[in-house]
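Worksheet: the structure to be examined is printed underneath.
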Amino acid sequence: MAVDVIAGQSNSVAKDSSSSEQTKPSVNDSSETSESEPSSSALDTAQKSVADSVVATAKWLDSFFADPEYPNTDVDVRLNLRQYVIKQESLPFEYKTRIDGRIKLPNISRKLDLVFAGNEDEESGSDSFNEGLQSSDDNPTLGLELLNKRKPGNSERFKVGYRFGESSYYLGGRVRRAVSFAERWQLRGSQRLRWYHQFGWESQTLVELDYLQRQQSFFQLRLSTLWRDDRRDELGTETNWAVSYIYLRDNNQAWRLSWSSDYHTEPAPRWVASQIAVAYRRQIYREWLRFEVQPFVQWQEVNQWHPEYGISLQLNALIEQ
């Protein structure tokens, strides 16, 4: 789906559902108003343009930061390769390679995808906000996903697959909804419910509030919860919240300031970790290749809340066609 975003109240947003490419938002354009008293139709057009810009900018940021929570489902092949190098002052260097993707199976159904991921949190969004805060179990998954897409941002998915690290088959579904309001705001939410034959039920909830402050500035507030049958006595409901301020320097680079924290309800309700990070990401050499550097400071309950400093380097190749 192609989405063009042009700054200024008098411009419009164009969408083409036949294309799988996503046009970057223009962050340096300016507009001029020739009429001192615009007509009501012009005001309506301007209002719709601003509202559409929120949706379009959010979609572009999802793609630019390769957010695993919001994959592009309009392409036939999507491959996301991430190579990490993470260093904390009290720990040795940590190297991670993660790959996930989806392939449409047109001979069976245009709504059926083969989906694979290189770690357990393939759709948790944790890579985009707190990679240094939480480490996944790195359990690869493979599955078939049936997608019923009603309109942009609204969909239902049914998925059956296998998680290798835990040797467990699973089946379940996800419902996703999105709504724009007050011109510059967008609310997105999803609920995923799965059943694993090895340990039982798993529930994941995600709520995200997006605000387009200016054409170059974007604010995100994300709240996610995770509950698993096998962890209910040890961790209870795991809650993560993250607030981010993103500045688009131009179409090829962006800054992100984020603060994220973890909260567990068992064996006693408490905060267990918090992190502040500054990330700089830019496109290098090719449109599909991006590099990110993210210094961070982290506090954890297990370390008596003593601050620990670290840095994360990421090379991200996102190929879609």
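For the working numbering, count along the sequence shown from 1 and bump the result up by 476. Note that the Cβ used here is the ideal one computed from N, Cα and C, for glycine as well.
Check each candidate in Ser-737, Tyr-761, Glu-659 and Glu-621 and name the one with the smallest Cα separation from Ser-750.
Comparing Cα-Cα distances from Ser-750 to each of Ser-737, Tyr-761, Glu-659 and Glu-621, the minimum goes to Ser-737.
Give the secondary structure of Arg-707 by DSSP, where H, G and I count as helix, E and B as strand, and everything else as coil.
Helix.
Assuming Leu-669 and Ser-656 are in contact, meaning their beta carbons sit under 8 Å apart, how far apart are those beta carbons, in whole angstroms?
Rounded, the Cβ-Cβ distance is 26 Å, inconsistent with contact.
Asn-716: first and last residue of the uninterrupted beta strand (DSSP E) it sits in:
Looking at the DSSP string, the run of the beta strand (DSSP E) that includes Asn-716 is 714-726.
Taking the straight line between their C-alpha atoms, what separation do you get for Trp-747 and Ser-700?
Taking the Cα positions, Trp-747 is about 14 Å away from Ser-700.
What did DSSP end up calling Asp-538 once you bin it into helix, strand or coil?
The answer is helix: DSSP assigns Asp-538 an H, G or I state.
Between Glu-784 and Gln-559, how many whole angstroms is the CB-CB distance? I'm expecting something under 8 Å.
Going by Cβ atoms, the distance from Glu-784 to Gln-559 rounds to 23 Å, so no, they are not a contact pair.
Which residues DSSP lists as bridging Gly-648, in chain order
Note: Gly-648 is bridge-paired with Lys-635 and Arg-670 in the DSSP secondary-structure output.
Rounded straight-line distance, which links the Cα of Ala-658 to that of Ile-579
In this model, Ile-579 and Ala-658 are separated by some 37 Å (Cα to Cα).
Residue from Arg-757, Asn-779, Glu-777 and Ala-534 whose Cα sits closest to the Cα of Ala-793:
Nearest option by C-alpha distance: Arg-757.
Do Gln-692 and Tyr-723 have their beta-carbon atoms positioned less than 8 Å apart in this structure?
Yes, these two residues count as a Cβ contact at 8 Å.
Rounded C-alpha distance that separates Ile-752 from Leu-588
The alpha-carbon atoms of Ile-752 and Leu-588 are separated by roughly 39 Å.
If you follow the beta strand (DSSP E) that Phe-629 is in, where does it begin and where does it stop?
The identity of residue 629 in the sequence shown is Gly, whereas the question assumes Phe. Segment: none, Gly-629 is in no beta strand (DSSP E) and carries neither H nor E.
Straight-line gap, Gly-786 to Val-773 (C-alpha atoms, nearest Å)
The straight-line gap separating the alpha-carbon atoms of Gly-786 and Val-773 is approximately 6 Å.
Burial state of Leu-801 (16 or more Cβ within 10 Å)
With the chain running from 477 to 797 in the structure shown, residue 801 is simply not present.
Tell me whether the beta-carbon of Leu-622 lies closer than 8 Å to the beta-carbon of Phe-640.
No, they are not a contact pair.
Pick from Ser-666, Arg-708, Ser-539 and Gln-689 that is closest to Gly-423, judged by C-alpha positions:
With the chain running from 477 to 797 in the structure shown, residue 423 is simply not present.
Helix, strand or coil at Glu-777 [DSSP, three-state]
The answer is helix: DSSP assigns Glu-777 an H, G or I state.
Identity of the residue in Pro-745, Trp-731 and Pro-743 nearest Gln-770 by Cα:
Considering only alpha carbons, the answer is Trp-731.
One or two residues paired with Val-748 in a DSSP bridge:
Note: Val-748 is not bridge-paired with any residue in the DSSP secondary-structure output.
Under 6 Å Cβ to Cβ from Ser-611, same chain only, skipping five residues before and after it: list those, please.
Confidence at Ser-611 is low in this model, with a pLDDT of 45, below 50, so the placement of that residue should be treated as unreliable; the coordinate-derived value is given next. Nothing listed; no residue qualifies.
For Asn-624, which of Arg-653, Ser-788, Gly-637 and Ser-643 has the nearest alpha-carbon?
With distances taken between Cα atoms, Asn-624 lies closest to Arg-653.
Determine, using beta carbons only, whether Asn-628 and Val-531 come nearer to each other than 8 Å.
Residue identity check: residue 628 is Pro in the sequence provided, not Asn. Cβ atoms of Pro-628 and Val-531: closer than 8 Å.
Entirely within the region 545-573 and at least 3 residues each: give me those beta strand (DSSP E) ranges in chain order.
553-564, all fully within the region 545-573.
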